[in-house]
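Everything on this sheet refers to the single structure shown next.
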Amino acid sequence: MNNQGFIKVISNSFEEFLKSGTSRSTMKLKPLHGAIAKDIAERLGSDYSVFSMGYENVKEQLIQGRYIDKRVDITIKQKEKSVCGIAVKFIMQNYSQNSNNYFENMLGETANIRANKCPYFQVFIILDKLPYYNRSKEITKWETFSEHNIEKYLTLSKDNIETFYHTPNKTLIYVVHIPDNGELRTQDDYIAYYKNNLQMTLSSAQYDKFDDAVILNDYEAFIDKVYHTIKAL
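Here the sequence shown is numbered in our numbering, starting from 142 and rising by one per residue.
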């Protein structure tokens with residue numbers, strides 16, 4: 142799967158969100174998780190087993206952590222041993238209020254798995270402009286995934302993964318764009334509009350250059366790193 146194929150998969154995931162009407166539905170995850178799982182399975186071959194929602198009717202698997210076992214979005218096993226985990230998150234709304242929690246949770250789950258000598262990767266997908274809803278599902282403002290939001294990931298990108306177990310072996314940040322419409326007022330308006338006007342592209346937003354631990358907007362480079370990390374074990 143190349144970068145254009147990956148954007149199409151993300152678009153399919155977004156379409157599932159629009160059909161379900163809620164970002165909490167697991168249906169949006171199936172095309173996304175399943176496509177990544179299928180891609181890595183085809184690259185690795187029959188010596189490995191890949192487990193993920195949306196792939197060959199299999200389910201997420203538990204990976205044994207140093208402190209607690211963790212159910213992981215995509216698990217790769219060689220025989221019965223877990224040799225790699227990949228976590229995938231797709232943010233569509235109300236990002237700022239949860240931004241630090243997303244990041245802290247990522248660090249914690251990564252440390253738990255990597256401290257038990259299992260490589261762990263993160264995929265973080267986000268719209269470059271997101272609606273912010275109040276409790277009545279009214280759009281009160283539009284949020285932009287900005288330089289401020291990216292700062293903690295820039296710091297993460299400078300980490301030495303051999304020293305810091307809370308740092309994923311590699312993190313992919315993928316920022317996508319859909320047509321803007323500032324006239325939308327509610328979640329129902331948003332869903333109805335994008336059901337008929339969904340054209341997803343890679344965001345043109347510019348960010349500071351990341352160091353080695355983070356890859357920006359390049360799925361092919363990321364999955365290649367996953368492949369080589371597993372094969373080197």
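For every residue, glycine included, the Cβ atom is placed at its ideal position computed from N, Cα and C.
Where does T308 fall in DSSP's three states? Coil, per DSSP.
Under DSSP, the alpha helix (DSSP H) around I356 begins and ends at which residues? If you look at I356, you'll find it isn't in any alpha helix (DSSP H); it sits in the beta strand (DSSP E) that goes 355 to 357.
Measure how close the beta-carbons of V317 and I151 come, nearest whole angstrom, since I'm counting them as under 8 Å. Sure, about 6 Å apart at Cβ, within 8 Å.
Helix, strand or coil for V199, going by three-state DSSP, please let me know. Three-state result, V199: coil.
Closest by C-alpha distance to Q347, when choosing among D269, I371, N337, Y368: Cα-wise, what sits closest to Q347 is D269.
If we ignore side chains and look at the alpha-carbon of each, how far apart do F158 and V229 end up? C-alpha of F158 to C-alpha of V229: approximately 15 Å in a straight line.
Here's a check: name, in chain order, each residue in its chain whose Cβ is nearer than 6 Å to the Cβ of K336, leaving out the five neighbours to either side. Around K336: L159.
Exposure of Q205, with buried meaning 16 or more beta-carbon neighbours within 10 Å: In summary, Q205 is exposed, with fewer than 16 beta-carbon neighbours lying within 10 Å of its beta-carbon over all protein chains present.
Start and end residues, beta strand (DSSP E) containing K299: That residue, K299, is in no beta strand (DSSP E); it is neither H nor E in DSSP.
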